[in-house]
Amino acid sequence: QGLSVPELAQKLAVNDAEIIKTLFMKGIVTTVNQTLDEETIKLVCQEFNVEVLTSGSVKVEDMVKKTEILDEEDLESLETRPPVVTIMGHVDHGKTSLLDFIRKSKVAASEAGGITQGIGAYKVSVMVDGAKQSCVFLDTPGHEAFTAMRARGAQVTDVAVIVVAADDGVKPQTQEAIAHARAASVPIVVAINKIDKEGAERERVMQELSGIGLMPEDWGGDVPMIPVSALKGENVDSLLETIMLVAEFQELKANPNRSAKGTVIESCLDKTKGVLATLLVQNGTLRKGDVVLCGEAYGKIRALLDDTGTRVETAGPSTAVQVFGLSSVPIAGEMFEVLDSLEAAREQAEICAETSRLARLAAQAAEGKVTLASFTSSIAEGSDGGVERHQLNVIIKADVQGSLEAVREALKTLPQDTVNLRVLLQAAGDVTISDVDLAIASEGIIIGFNVSSSSAVQTYAESKGVEIRLYRIIYELIDDIRNAMEGLLEVIQ
Ligand code: GDP
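According to UniProt numbering, the residues represented by the sequence shown are 436 to 928, in order.
Structure follows, in structure tokens:
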């Protein structure tokens, strides 16, 4: 029976737009509301390195990151790399406290005096069997960041730590976090937190987790569950050791002797420094002076800063560095790679930008979104000899009942021989979310007279492709509608 775009997106833990774009690249124009058949689902899954077992049942292979990040040429020169860890869990269960404790107690105090600035990820040292090893923590707890990464097809996490407060137990976000980790085939380590608190019930948490399919190692299952107190730092060492053991089992490797490849972890525009981006190198080594391409952004890397704020010349596998020198702010979760020349990078960046734009337009067009502009052009196209009658659905909002009547009366005077103007709703008051919903359902547009719409409503309307036209002068409103009905409205983008 297939799956809708949002359903497939959810299964693959990517966003809708990514699916539409992927199909567009293959010459298939899709909209969010469309149902995809099995063939099409397979096509998408191939792109995301996911295997389709049976219709509608999509299983994520754990080969995803290996095939994406390592090339065949690397196989000869692989070396062990540190694991990258994400901490997830329900709000207030202690994610931030755990990250803080680990950061404060485990970051090797360098000459620069430890961490001076957050760059979105930091490396810590862990003693395992008397040997020093390292481990990278992503600094944004919660599965939103994790999902945002995955939404771009990026797979950065090697181990997911799910924090569950022992006095509160499994909550909705705990379950969501577990679902996300599973969808990405990332091994889970549970931190049963707040064991110092009265009312902490470790056994109950284990019971609840086993109830949703996470069987504790202590009970013969395969999920390590470590009781900790993030507040006091109790047993955090044992948690870190367990993370390292789980990572070791995965045999994480990369080839440091090649040009860098990886994922954008964070990015922003700094008023004085320009574009800043934190890149997590997942394979190869990034060097100062390298030309980097990440989606629509590109540039020559002018400087690299590590998690202690120290300038460095290179960054090897599993190292996060903040870089300067990109042309625009890249999206978190976007993959980056090093190219030979600035010219080649610019070309690729332009192609990427153009493809995204075309995919967006195609999806909009296929969805049949109605705007005055699209309406007027459809009339203009059909005007030569077509006897087809068009219908323009409108929702009218005005400040007071009186002006509502005035607008309604003025619209009635418009000639309706080719276009039938249908007023779905007329009401006093600002444009609301439910107006937008009505417009979506009926493919209508919203006309506001002497009213406004909040930015939340605007954003919602934009995301759904609903046009809201606001007027202060009645004859401008009438002119626009008349022109649209006559196929004459100037198409303004
Ligand atoms: P987050 O929302 O998951 O990031 O949770 P926080 O780290 O902000 O913690 C929420 C609250 O729980 C804070 O008031 C913490 O001080 C408290 N907390 C976190 N870990 C522990 C713990 O191990 N023991 C106790 N008693 N309180 C904790």
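Backbone N, C-alpha and C define an ideal beta-carbon position, used for all residues, glycine too.
Being a predicted model, the structure only gives us computed values, none of them experimental.
Beta carbon proximity, residue i to chain B, threshold 7 Å
| i | result |
| --- | --- |
| E878 | Protein chains in the displayed structure number just one, and chain B is not present. |
Start and end residues, alpha helix (DSSP H) containing residue i
| i | result |
| --- | --- |
| P441 | V440 to L447 |
| I909 | I909 to M920 |
| K899 | S890 to K899 |
Closest Cα partner of residue i within the set the options
| i | options | result |
| --- | --- | --- |
| L680 | R781, I766 and A566 | A566 |
| V886 | T867, D742 and G900 | T867 |
| E482 | K461, A874, P691 and I913 | K461 |
| L687 | P518, I455, S889 and I909 | P518 |
| I661 | A841, G604, T677 and G655 | T677 |
| T521 | V621, I476, E731 and V449 | V621 |
| T475 | S439, A452, L510 and N450 | S439 |
| I875 | F884, D852 and E902 | E902 |
| T592 | A612, G883 and I830 | A612 |
| T848 | L534, M920, Q783 and C480 | M920 |
| D775 | A788, I882, L728 and I830 | L728 |
| residue 929 | C703, E643 and D872 | Any answer about residue 929 is impossible in this case: the structure gives the chain only from 436 up to 928. |
| I766 | P752, V726 and E701 | E701 |
| Q568 | S512, I831, Q608 and S753 | S753 |
| I908 | E897, Q685 and V842 | V842 |
Nearest-angstrom Cα separation, counted from residue j out to residue i
| i | j | result |
| --- | --- | --- |
| V699 | A755 | 9 Å |
| V854 | L458 | 35 Å |
| D914 | V464 | 34 Å |
| L905 | D870 | 14 Å |
| G768 | G879 | 35 Å |
| L666 | H615 | 26 Å |
| A835 | G864 | In the sequence as presented, Ala is not what sits at residue 835; that position holds Val. Cα to Cα, the separation comes out at about 7 Å. |
| L714 | R746 | 14 Å |
| T763 | A780 | It should be pointed out that residue 763 corresponds to Ser in this sequence rather than to Thr. Between S763 and A780, the C-alpha separation is close to 13 Å. |
| V495 | Q445 | In this prediction, V495 has a pLDDT of 44, which is less than 50 and means its spatial position is unreliable; nothing more can be read from the coordinates. |
| Y910 | T790 | 40 Å |
| E442 | K723 | 42 Å |
| K629 | H528 | 8 Å |
| V598 | M523 | 6 Å |
| N690 | E731 | 26 Å |
| E925 | G744 | Since pLDDT at E925 reaches only 47, below the 50 mark, its modelled position is unreliable, and the value read off the structure follows with that caveat. Distance between the alpha carbons of E925 and G744 is about 53 Å. |
| L888 | L846 | The amino acid at residue 888 is misidentified as Leu; the sequence shows Ser. Between S888 and L846, the C-alpha separation is close to 22 Å. |
| T515 | G760 | 30 Å |
| V594 | V526 | 20 Å |
| G883 | E453 | 33 Å |
| V829 | T894 | 19 Å |
| G491 | E643 | In this prediction, G491 has a pLDDT of 48, which is less than 50 and means its spatial position is unreliable; nothing more can be read from the coordinates. |
| L573 | G837 | 57 Å |
| V467 | L478 | 17 Å |
| K530 | D564 | 27 Å |
Helix, strand or coil at residue i according to DSSP, with G and I counted as helix
| i | result |
| --- | --- |
| D472 | coil |
| A619 | coil |
| G709 | strand |
| Q610 | helix |
| F684 | helix |
| G837 | helix |
| A452 | helix |
| R516 | coil |
| E633 | coil |
| residue 408 | Outside the modelled stretch of the chain, which goes from 436 to 928, sits residue 408, for which no answer is possible. |
| T848 | coil |
| residue 1008 | Nothing can be reported for residue 1008, as the shown portion of the chain is limited to 436 through 928. |
| A556 | strand |
| E676 | helix |
| A732 | strand |
| S776 | coil |
Start and end residues, beta strand (DSSP E) containing residue i
| i | result |
| --- | --- |
| V510 | Sequence inspection shows Leu at residue 510; the Val mentioned does not correspond to that position. First-last for L510: undefined, no H or E at that position. |
| P641 | Pro is not the amino acid found at residue 641; the sequence shown has Met there. It is not in any beta strand (DSSP E) - M641 instead sits in the alpha helix (DSSP H) that spans R637 to G646. |
| S569 | A566 to L573 |
| A600 | V594 to A600 |
| R857 | V854 to A863 |
| I754 | It is Thr, not Ile, that sits at residue 754 in the sequence shown. Run containing T754: T754 to F759, per the beta strand (DSSP E) assignment. |
| L905 | I903 to Y906 |
| G883 | I880 to F884 |
| L739 | A738 to L740 |
Pair within 7 Å by beta-carbon distance, residue i and residue j
| i | j | result |
| --- | --- | --- |
| F771 | V671 | no |
| I554 | D742 | yes |
| G634 | D602 | yes |
| K735 | G719 | no |
| L649 | V658 | yes |
| A626 | V605 | no |
| A712 | V773 | no |
| I675 | V571 | Per the sequence shown, residue 675 should be read as Leu rather than Ile. The answer is no: Cβ separation not under 7 Å. |
| L839 | Q861 | yes |
| A750 | V710 | no |
| A788 | Y733 | no |
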